[in-house]
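One structure is given here, and the rest of the page talks about it.
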Amino acid sequence: MLAQDIKLDSTIYKAIHDEIYRVLDESADSIAKPFFVSYTVADMEYQFVKAQLGSTTVKIDQPSKTGTYRLMIGDYHINDENYIGKRQYRNEIEVPRIPMPVDNDYWGIRRSAWSGLTNSIRRATESYKNKINFMDEEGIDKENYLDDYEQLGPVVMDFNDNRELPRIEEVEAKAKRISKMFIDFPEFYLSAVDIMNIYGRVYVENTEGSRFSFPVGISTMMLSVGLMDSNNDYKSESISYNRPAFKDLPNQDVLSNHIKILANYIAEYDTALVIEEKYEGPVMLEGANVADLFISKLFKSGDLLSSREVLNESGYEDDDFEEKVIGDKITAKNINVVDCSRMLTYKNHPLIGGYYIDGEGVYPEDSLLLIKEGEIVSKLNSRIPNEEVKSSNGHYKTGLPVNGYVPSQLAPGVVFITTSEPVEMQHLKTSIIELCKKEELDYYIAKKSLIPYDCVSPDMYIKVNIESGKETLLKKTTNLKIPDDGLEEIVAISGVEYIYNTSYGYGGIENTMPLSVICPKAIVLEEAELTRQTRYAKKNADRPVVPSPLELYNNKAEKDQ
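Residue numbering for the sequence shown follows my numbering, beginning at 3 and increasing consecutively.
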C-alpha cells in the first residue's frame with residue numbers, strides 16, 4: 003500500500019533528515035565526515051493487561067518512541083566496520099544518549115538524534131584510522147580487499163498491512179472474560195491471563211536517499227497457572243499464543259478447551275514416573291519441538307547466517323567455532339529448507355514472521371532456498387559482503403523495539419522445512435520400534451507439546467513401550483540432549499504440516515524477531531540422550547492451611563443448579 007493510503011507523520015522524517023544533514027555539513031574535517039548515515043525511529047503503541055478470575059490487576063496503554071542509528075567513516079570499499087581494535091569495538095547499531103520524545107516533537111527528535119551522531123563521529127574516526135594503520139602494518143592489499151558495505155540506490159516507499167491497535171477496553175474485556183474461566187479450577191493456586199499488544203511503524207532515512215517505513219507488531223496472550231502438588235512442591239505452567247494482530251488471537255472456545263487440557267495434564271503429572279536410568283536411543287519429536295530443533299540447529303547455531311571474517315587486532319579468537327560453509331551436508335538428504343519472508347498468511351493461518359523490507363532497505367526474496375537435499379546452498383545475508391554471499395538477500399531484519407532499542411540482525415522470517423520422503427504417523431512409529439529392537443530397547447522416548455496447536459505449551463516426555471504401545475508420562479526431571487549433527491540422523495519424517503508462530507534472536511536481544519515456521523509435525527531421530535537433572539519443581543514448605551475460596555464458589559454453584 004502506498005504512502006497516500008497511510009497515516010504518516012512527516013515530522014519524524016523531517017526531523018531525522020534535517021539532523022543527519024546538519025551533522026554531515028558541520029563535521030570538522032574530511033576524514034571525520036561520515037559517508038553513510040542511517041537513522042531508524044520506531045513509533046510504537048504498547049498495551050498490556052493482566053487479569054485474574056475476571057478482574058483486572060494490571061492495565062497499561064502507552065506510546066513509545068525509540069531511535070537507533072548507524073554511521074560509517076570512509077567509503078563503501080573500506081570503512082570503520084568489520085574491524086576489532088586493540089582497545090575498542092563499535093557496534094553497528096547504536097543508541098542516542100538522549101531518549102526520543104514520545105510526542106512527535108520536531109526539536110526533541112533532532113536533539114535525540116544529535117546526541118548520538120555527534121559522539122559516534124569521534125569513535126568511528128578513531129576506529130577508521132586504526133583500521134587503515136593495521137591494514138598497512140599487515141600488508142593487506144587494499145585494492146583487492148572485499149568491500150566493507152554494499153552500495154544501493156534509494157528506496158522511497160511506505161508499507162502498510164491494515165493492522166489496527168484495538169481499544170484498551172477491548173483488550174481488558176477479553177482478558178477478564180478468559181481469566182474468569184479459571185474459577186472452575188480451584189486446584190490452581192494462582193492463575194492469570196496476560197495480553198500484550200505492540201503495534202507501530204518503523205521510519206528509516208539514510209544518506210543514500212532512502213526514505214521508507216513499514217509496520218511492526220505482535221499480539222501475545224499467555225495463560226499461566228501455579229499449584230502445589232501432593233509433595234508440597236510449587237510448580238507453574240503456561241500456554242502462550244503469538245499472532246500478528248489482536249483479532250487473530252484464539253477465541254474463547256479454543257482457550258476453554260486448552261485450559262481443560264492443561265488442568266488434566268497437571269492432575270496426571272502428580273503421578274508421573276521419575277525415570278532413574280540413563281536413556282540412549284531413538285527419540286520421536288512432535289509439534290513445536292520439531293520447529294524448535296530446526297531453528298536451534300540451523301539458525302541460532304549460525305550455520306545458515308552468513309558471516310565475514312573481520313580484521314582482528316584484539317588478539318582474541320574463538321578457535322573452537324567451526325563454521326559450516328555452502329556445500330556442507332547439514333541435515334538428512336531428503337530435507338529442504340526455504341525462507342519465504344514475504345509471506346503473511348499460509349492456508350488462511352496468520353504468520354507473524356513475514357515482512358515487506360528489511361532494516362537496510364532490501365526486499366526479501368519471495369523464496370530463498372537455503373538447504374537442498376540436506377546441503378547448504380545459500381545463507382541469509384545483510385549488506386556486508388562476505389566470501390560466500392556477496393550481496394544482501396534482505397534478511398537484516400528489524401524486530402520489536404525493547405528496552406529503548408530497535409533491534410536489527412540477520413534473521414529468518416517465514417521458514418518452510420519439507421521432505422521429499424514424507425510418511426504417515428504409523429510409519430514413524432514402526433521406524434522407531436525397529437530401531438529400538440536393533441538396540442535391544444523395550445521402550446522409546448517421545449517429546450511432544452501438550453497442545454498440538456500453534457502455541458507454546460508445556461513439553462511432555464513420554465515413555466512408550468514398544469510391545470504394548472502403553473504411554474507413561476515422565477516427570478520433568480530429565481534433560482534431552484540431541485547431538486550437534488542430530489539433523490543428519492533423522493530417519494523418518496511426517497508428511498503432516500505443523501504451523502508455529504514463535505520468536506527468534508541472539509546476542510542479548512533474544513525473542514525480539516517474530517518468526518514463523520512451517521515444518522513436519524513429527525520426526526524420528528536415530529540417537530539422543532535422556533538424563534536425570536535437578537528437581538523441576540520448587541519446594542514450598544508453607545502449604546495453605548485453609549483451602550482456596552474458589553472451592554466455596556464451586557460448591558455454591560453446584561447447589562444452585
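Each residue gets a CB set at the ideal place from its N, CA and C atoms; glycine is no exception.
Item	Value
Can you give the Cα-Cα distance for N481 and I501, rounded to whole angstroms?	25 Å
In terms of DSSP beta bridges, what is R203 paired with?	D45 and P217
Output the distance between the C-alpha atoms of K381 and P168, rounded to the nearest integer angstrom.	38 Å
Taking the continuous alpha helix (DSSP H) assigned at V173, which residues delimit it?	I170 to S181
Less than 8 Å between the C-beta atoms of S518 and G356, yes or no?	yes
Among all the DSSP beta bridges, which residues are the ones paired with Q64?	Y48
In the DSSP assignment, the alpha helix (DSSP H) including S117 goes from what residue to what residue?	Y108 to E140
List the whole-angstrom C-beta distance separating L39 from N208, where the pair is believed to meet the contact cut-off of C-beta under 8 Å.	Just to set this straight, residue 39 is Val in the shown sequence, not Leu. So it is a contact: roughly 6 Å between Cβ atoms.
Compare the Cα-Cα distances from L55 to each of M137, Y130, Y108 and V227 and report the closest residue.	V227
Does the separation of the CB atoms of T400 and V195 fall below 8 Å?	no
Report yes if the CB atom of L430 is closer than 8 Å to the CB atom of A293, and no otherwise.	no
Reducing DSSP to helix, strand and coil, say where D20 ends up.	helix
Alpha helix (DSSP H) containing F296: first to last residue?	A290 to I297
Within a Cβ cutoff of 7 Å, which residues of the same chain sit near T120, ignoring the five residues on either side of it in sequence?	V25
Please classify L443: does DSSP put it in a helix, a strand, or coil?	coil
Can you tell me whether P98 is buried or exposed, with buried defined as 16 or more other CB within 10 angstroms of its CB?	buried
Residue range of the beta strand (DSSP E) that I263 falls in?	Where I263 is concerned, there is no enclosing beta strand (DSSP E), although the alpha helix (DSSP H) it sits in stretches over Q254 to Y271.
Rounded to whole angstroms, what is the Cα-Cα separation between L573 and N388?	There is no way to answer for residue 573, as the model of the chain reaches only from 3 to 563.
Tell me the start and end of each unbroken beta strand (DSSP E) in the stretch 390–458 that is at least 3 residues and wholly inside, in chain order.	398–400, 410–412, 416–421 and 445–451
Take R245 as the anchor and find which of M198, P188, D305 and E442 has the nearest alpha-carbon.	M198
Compute the beta-carbon to beta-carbon distance between Y191 and M230, rounded to the nearest angstrom, for a pair I have assumed lies under 8 Å.	6 Å
So the beta strand (DSSP E) A524 belongs to, where does it begin and stop?	A524 to R534
On the CB-based measure, 16 or more other CB atoms within 10 Å of its CB, does Q254 come out buried or exposed?	exposed
Contact check, V43 vs I14 under 8 Å by CB: the rounded distance?	5 Å
Classify N234: buried if its beta carbon has 16 or more other beta carbons within 10 angstroms, exposed otherwise.	exposed
Rounded to a whole number of angstroms, what is the C-alpha to C-alpha distance between E315 and E28?	31 Å
Grouping DSSP H, G and I as helix and E and B as strand, with all else coil, what is S12?	helix
To the nearest angstrom, how far is it from the Cα of V157 to the Cα of I359?	10 Å
Measuring straight from C-alpha to C-alpha, what distance separates D20 and P103?	17 Å
For the beta strand (DSSP E) that contains R245, what are its first and last residues?	D235 to R245
In terms of residues, what are the limits of the beta strand (DSSP E) holding E278?	Per DSSP, E278 belongs to no beta strand (DSSP E) and is neither H nor E.
Based on Cα-Cα distance, which residue from M183, E172 and V285 lies nearest to C438?	V285
Is it buried or exposed for G329, if we count other Cβ within 10 angstroms and need 16 for buried?	exposed
Restricting to Cα atoms, I'd like to know which of E469, E282, P522 and Y41 is closest to K483.	E282
Could you spell out where the beta strand (DSSP E) holding E499 opens and where it closes?	E499 to Y506
Is it the case that the Cβ atoms of R344 and P366 are separated by a distance below 8 Å?	yes
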